[in-house]
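Enquirer:
Residue numbers (our numbering): 1058 to 1210.
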């Protein structure tokens, strides 16, 4: 007996928390020293809209302006940065009745060139919780200030 299959239905893509986190990191930490003021303003706006009001970084409150300032300090040291995710996973986590969040874990690397064209690398892992499409917390493994090392090609 032959049956006719129904046409497949294409559902609209609904971004997941993982999509949002990866888009944020790639947008914020892939950068070059010659960014226009409009591009910097767009990055600042992205940072400001991506955090909950009670966002914490490694257990301490952090304001969006602090992350933007840190990014700007990196751009005085490096003329170019490229962020890449090596591994990532995401899923819902129930913290109790009515306390559902999404968790994202990712292992990442940032490759950068300093003003003398020396290749530097920073590796780390971030464990994030998101609520309503915004990051609520980030526990980062790896020293973002002192963990940069020279890459010998």
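Cβ atoms here follow ideal geometry from the backbone N, Cα and C, with glycine treated the same way.
Would you list the residues sitting across from residue 1135 in a DSSP beta bridge?
Expert: For the purposes of this step, residue 1135 is taken as residue 78 along the chain shown, with counting starting at 1. 1171.
Enquirer: Rounded to whole angstroms, how far is the Cβ of residue 1196 from the Cβ of residue 1168, which I believe are closer than 8 Å?
Expert: For the purposes of this step, residue 1196 is taken as the residue at position 139 of the chain shown. For the purposes of this step, residue 1168 is taken as the residue at position 111 of the chain shown. Rounded, the Cβ-Cβ distance is 23 Å, inconsistent with contact.
Enquirer: On the three-state DSSP scale, how would you describe residue 1070?
Expert: Here residue 1070 refers to the residue found at position 13 when the chain shown is read from its first residue. Correct three-state label for residue 1070: coil.
Enquirer: In or out: residue 1074 buried (at least 16 other Cβ within 10 Å) or exposed?
Expert: If you number the chain shown from 1, residue 1074 lands on position 17. It is buried - the Cβ of residue 1074 has at least 16 other Cβ atoms within 10 Å.
Enquirer: Does the contact criterion of 3 or more C-beta pairs under 8 Å hold for the region 1125-1144 versus the region 1065-1085?
Expert: yes
Enquirer: Please identify the residue among 1202, 1189, 1171 whose C-alpha is closest to the C-alpha of residue 1180.
Expert: The count along the chain shown starts at 1 and reaches residue 1180 at position 123. Of the candidates 1202, 1189, 1171, the one whose C-alpha sits nearest the C-alpha of residue 1180 is 1202.
Enquirer: Does residue 1068 pass the burial test, meaning 16 or more other C-beta atoms within 10 Å, or should it be called exposed?
Expert: Locating residue 1068 in the chain shown gives position 11, where the first residue counts as 1. When all chains shown are included, residue 1068 counts as exposed.
Enquirer: Is the distance from the Cβ of residue 1113 to the Cβ of residue 1188 below 8 Å?
Expert: Within the chain shown, numbered from 1, the residue matching residue 1113 stands at position 56. Within the chain shown, numbered from 1, the residue matching residue 1188 stands at position 131. Their beta carbons are not under 8 Å apart, which means residue 1113 does not touch residue 1188 by this criterion.
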